[in-house]
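Residue numbers (the working numbering): 767 to 1011.
C-beta: ideal position from N, C-alpha, C; glycine also.
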């Protein structure tokens, strides 16, 4: 398991004892910390108003409100993802080595947050690839590649403890991931793609397919009898569709 959450809970058990409250304090704190990071991310993308909108929408999202209160370590994945996106966006716009190293720090530390964050290096490669296509000359592309190497090198150094565990106990490292997508008929990649495609429905049509993340039976859709309330309401759902268009 990814250790950050458990280490933090070990600290909260000192004042609160071995209790549900000790778990919830950590996940609620992660949810709260996600809001200023969303503000920074929105400000990086489109300015102060977008930052305020991102933090405001995040403050009453189902993900933040529910996952922040049930003491589940997955809340750290949202915080780590927002932090990586904010630092990576800044790095790609500025081109400064220091900003790329900051993104590498976020990428490396995020690996200790939650298993789903293992996909984050793909996001970094896609972002850098799109920026590479926009470079004006060979010198700019060369600087971008060197900055990417620095980013990945720092992330790898931070990842070293988990890398050591991966090398010595590969079955344990991949055990849960294999149970989710790799050990069923069809193969890992097709199942991963299918799972991501189905998850896109959770915003407007079905709900998050993981029952821990949802408020069950607040609404009913005959087309999806097992569905709970979609993650986004009518207003935020419409804004998402408008943004995609």
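Close Cβ partners of residue i (< 7 angstroms) along its chain, the five nearest in sequence each way excluded
i: residue 920; result: 867, 870, 871 and 874
i: residue 800; result: 824, 830, 844, 845 and 848
i: residue 811; result: 855
Buried or exposed (CB count within 10 angstroms, at least 16 for buried), residue i
i: residue 856; result: buried
i: residue 786; result: exposed
i: residue 960; result: exposed
i: residue 774; result: buried
i: residue 791; result: buried
i: residue 839; result: buried
i: residue 784; result: exposed
Beta-carbon spacing of residue i, residue j below 7 angstroms
i: residue 804; j: residue 848; result: yes
i: residue 914; j: residue 894; result: yes
i: residue 778; j: residue 794; result: no
i: residue 807; j: residue 852; result: yes
i: residue 858; j: residue 907; result: no
i: residue 878; j: residue 770; result: yes
i: residue 876; j: residue 850; result: yes
i: residue 822; j: residue 809; result: no
i: residue 768; j: residue 880; result: yes
Alpha-carbon spacing of residue i relative to residue j, whole angstroms
i: residue 1005; j: residue 815; result: 15 angstroms
i: residue 937; j: residue 837; result: 27 angstroms
i: residue 833; j: residue 929; result: 28 angstroms
i: residue 957; j: residue 923; result: 31 angstroms
i: residue 1010; j: residue 1003; result: 11 angstroms
i: residue 963; j: residue 943; result: 17 angstroms
i: residue 912; j: residue 933; result: 27 angstroms
i: residue 1001; j: residue 926; result: 44 angstroms
i: residue 883; j: residue 796; result: 15 angstroms
i: residue 842; j: residue 780; result: 21 angstroms
i: residue 997; j: residue 904; result: 44 angstroms
i: residue 935; j: residue 1008; result: 46 angstroms
i: residue 826; j: residue 889; result: 26 angstroms
i: residue 974; j: residue 813; result: 30 angstroms
Sequence-distant residues of the same chain with beta carbon closer than 8 angstroms to residue i, five excluded per side
i: residue 916; result: 863, 866, 867 and 870
i: residue 910; result: 861, 894, 897, 898 and 901
i: residue 772; result: 839
i: residue 969; result: 996, 997, 998, 1003 and 1006
Contact test: residue i Cβ vs the ligand SAM heavy atom, cutoff 6 angstroms
i: residue 851; result: Judged by which ligands are present, the structure shown has none, so any question about the ligand SAM falls away.
Requested in this report: Just list the beta strand (DSSP E) runs in the stretch 905-943, keeping only unbroken ones of 3 residues or longer that don't cross its boundaries, in chain order.
Outcome: List check, beta strand (DSSP E) in window: nothing returned.
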